[in-house]
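Let me begin by presenting the structure, written as structure tokens, before commenting on it.
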Amino acid sequence: MITVNFSSKVDEARLSQILAEIRSDAMGGWLDLPKRVDMAELVRIKEAAKKINDESEYLVCIGIGGSYLGHRAIIEALRPKGETKIIYAGNSLSRRELDRALEKVGDHDFSINVISKSGTTLEPAIAFEEFKKKLVEKYGAEDAKTRIYATTDANKGTLHDEAVANGYMRFVVPDNIGGRYSVLTAVGLLPLAVAGVDVEKLLEGASEAFDTVAGPASEYASMRYTLGSRGYDTEVFASFEPSTLYFNEWLKQLFGESEGKNKQGIFPASVIYSTDLHSLGQFMQDGRRNLFETVINFPTDEMNQKVVAAVMKAHTAGNIPVLAITVPSFDEKGFGELVYFFELACAISAKMFGVNPFDQPGVEAYKTELKQLLAN
Ligand code: PA5
Numbered sequence: 000m001i002t003v004n005f006s007s008k009v010d011e012a013r014l015s016q017i018l019a020e021i022r023s024d025a026m027g028g029w030l031d032l033p034k035r036v037d038m039a040e041l042v043r044i045k046e047a048a049k050k051i052n053d054e055s056e057y058l059v060c061i062g063i064g065g066s067y068l069g070h071r072a073i074i075e076a077l078r079p080k081g082e083t084k085i086i087y088a089g090n091s092l093s094r095r096e097l098d099r100a101l102e103k104v105g106d107h108d109f110s111i112n113v114i115s116k117s118g119t120t121l122e123p124a125i126a127f128e129e130f131k132k133k134l135v136e137k138y139g140a141e142d143a144k145t146r147i148y149a150t151t152d153a154n155k156g157t158l159h160d161e162a163v164a165n166g167y168m169r170f171v172v173p174d175n176i177g178g179r180y181s182v183l184t185a186v187g188l189l190p191l192a193v194a195g196v197d198v199e200k201l202l203e204g205a206s207e208a209f210d211t212v213a214g215p216a217s218e219y220a221s222m223r224y225t226l227g228s229r230g231y232d233t234e235v236f237a238s239f240e241p242s243t244l245y246f247n248e249w250l251k252q253l254f255g256e257s258e259g260k261n262k263q264g265i266f267p268a269s270v271i272y273s274t275d276l277h278s279l280g281q282f283m284q285d286g287r288r289n290l291f292e293t294v295i296n297f298p299t300d301e302m303n304q305k306v307v308a309a310v311m312k313a314h315t316a317g318n319i320p321v322l323a324i325t326v327p328s329f330d331e332k333g334f335g336e337l338v339y340f341f342e343l344a345c346a347i348s349a350k351m352f353g354v355n356p357f358d359q360p361g362v363e364a365y366k367t368e369l370k371q372l373l374a375n
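Quick note on numbering that gives the first Met the number 0: the sequence shown kicks off at 0 and runs consecutively.
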């Protein structure tokens with residue numbers, strides 16, 4: 000069970016109201032997801048993963064933001080020993096990166112999982128076109144279609160329409176779950192299963208968190224709100240396990256996109272210790288005091304725990320509020336718990352700041368500018 004090393008006064012009446020608001024929100028479908036796993040969908044996911052494992056050395060996962068960071072976070076953290084390697088594409092507009100991914104696949108057998116809820120996002124759309132071309136060159140137009148797995152809206156969007164027209168195997172991003180809350184849907188579960196992650200254990204962890212983390216998650220949200228209101232405008236997520244680098248990225252997206260609106264929110268940053276003690280350690284110890292630190296502690300071994308204790312002591316002495324979240328195990332179950340803990344805490348926290356946790360109007364601004372530039 001996830002535990003925290005602090006306690007914060009939670010306004011119970013406000014909390015019940017917030018939870019009721021999340022539950023009735025059109026985008027609140029992730030809230031009870033761990034308790035209503037669609038078993039038939041899970042079977043389809045596992046069958047598709049087996050087919051991909053049988054046919055392909057590489058699965059090219061195309062997606063960006065919430066359609067990408069969650070599964071990458073867990074795959075990179077756990078380093079599962081699956082037979083099929085995952086390659087990520089469509090998460091930037093860098094020609095160099097795209098060429099690199101295409102080169103890496105080279106002549107190997109591969110399949111594509113293209114993930115986009117809207118089905119119109121530019122970065123994945125460009126990468127998809129390139130990899131589709133490669134697939135058709137290698138396998139021919141008809142066989143190529145059997146190697147494309149589209150995870151998108153159930154009824155609409157360019158990707159949905161193309162998938163239906165061509166008979167790609169389709170998986171659904173539920174209407175009531177937004178990108179950054181979607182890792183426990185097919186968005187995350189298919190690539191995770193292909194990579195060799197035990198998705199049942201992951202869901203088990205999330206289900207356990209559903210039963211146990213409401214208290215700690217609301218205390219954490221409430222502590223963030225209190226610190227934020229007192230001028231601590233930056234939260235530094237600190238992990239002592241280097242392979243959790245992408246989990247930090249997922250966290251930054253979750254909090255940044257959920258909370259940063261209407262001039263509100265806490266800026267999410269991250270470090271990996273002890274590596275970053277030799278780059279950002281000085282600032283953490285003695286720089287400007289507008290930040291607090293949230294240690295994500297996986298008690299993996301004795302040495303690791305000594306470092307965690309030493310850093311927390313030093314930073315507390317340096318006048319940084321240090322919060323610690325301890326995860327029971329560094330495995331699928333632990334990450335399932337952690338994902339749900341942070342999703343819940345983030346949604347509650349955003350509500351405390353008075354913003355909508357589930358939209359991202361600010362992300363549209365750059366898209367509009369870019370579309371105009373590309374049209375010229
Ligand atoms: O969390 C979100 O909603 C966003 O980060 C989206 O996941 C991201 O913009 C990608 O969108 P889409 O899945 O529609 O391609």
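C-beta atoms are modelled at their ideal positions from N, C-alpha and C, and glycine is treated no differently. Please read all numbers here as calculations on a predicted model, not as lab measurements.
In this structure, how does DSSP classify residue i when only helix, strand and coil are distinguished?
i	result
Tyr-87	strand
Ile-295	strand
Leu-134	helix
Thr-120	coil
Ile-271	strand
Phe-170	strand
Val-3	strand
Leu-290	strand
Arg-78	coil
His-107	coil
Thr-157	helix
Lys-8	coil
Ala-100	helix
Ala-25	coil
Thr-367	helix
Ile-176	coil
Taking the CB atoms as reference points, tell me whether residue i and residue j lie closer together than 9 Å.
i	j	result
Ile-1	Glu-336	yes
Pro-356	Ala-364	no
Ile-63	Pro-123	yes
Thr-299	Glu-240	yes
Ala-208	Leu-343	yes
Ile-265	Asn-247	no
Ser-348	Ala-220	yes
Tyr-224	Phe-352	yes
Leu-134	Ile-111	yes
Pro-190	Ile-324	no
Val-426	Asn-375	The question about residue 426 has no answer here: the residues shown for the chain are numbered 0 through 375.
Leu-56	Leu-97	The sequence given here has Glu at residue 56, not Leu. No, the pair does not count as a contact, with Cβ atoms beyond the cut-off.
Lys-251	Phe-236	yes
Glu-331	Val-198	yes
Val-321	Ile-295	no
Leu-77	Val-186	no
Arg-43	Cys-60	no
Does the Cβ of residue i lie closer than 8 Å to at least one heavy atom of the ligand SAH?
i	result
Glu-256	Inclusion of the ligand SAH in the displayed structure is not the case, the ligand content consisting of the ligand PA5 alone.
Tell me residue i's beta-bridge partners as DSSP assigns them.
i	result
Asn-112	Cys-60 and Tyr-148
Ile-17	BP columns for Ile-17 are empty, so no partner.
Going along the chain, which unbroken runs of the beta strand (DSSP E) with 3 or more residues stay wholly within the stretch 306-361?
321-325
Identify every run of the beta strand (DSSP E) within the stretch 207-269, keeping only runs that are complete inside it and at least 3 residues long; order them along the chain.
233-238
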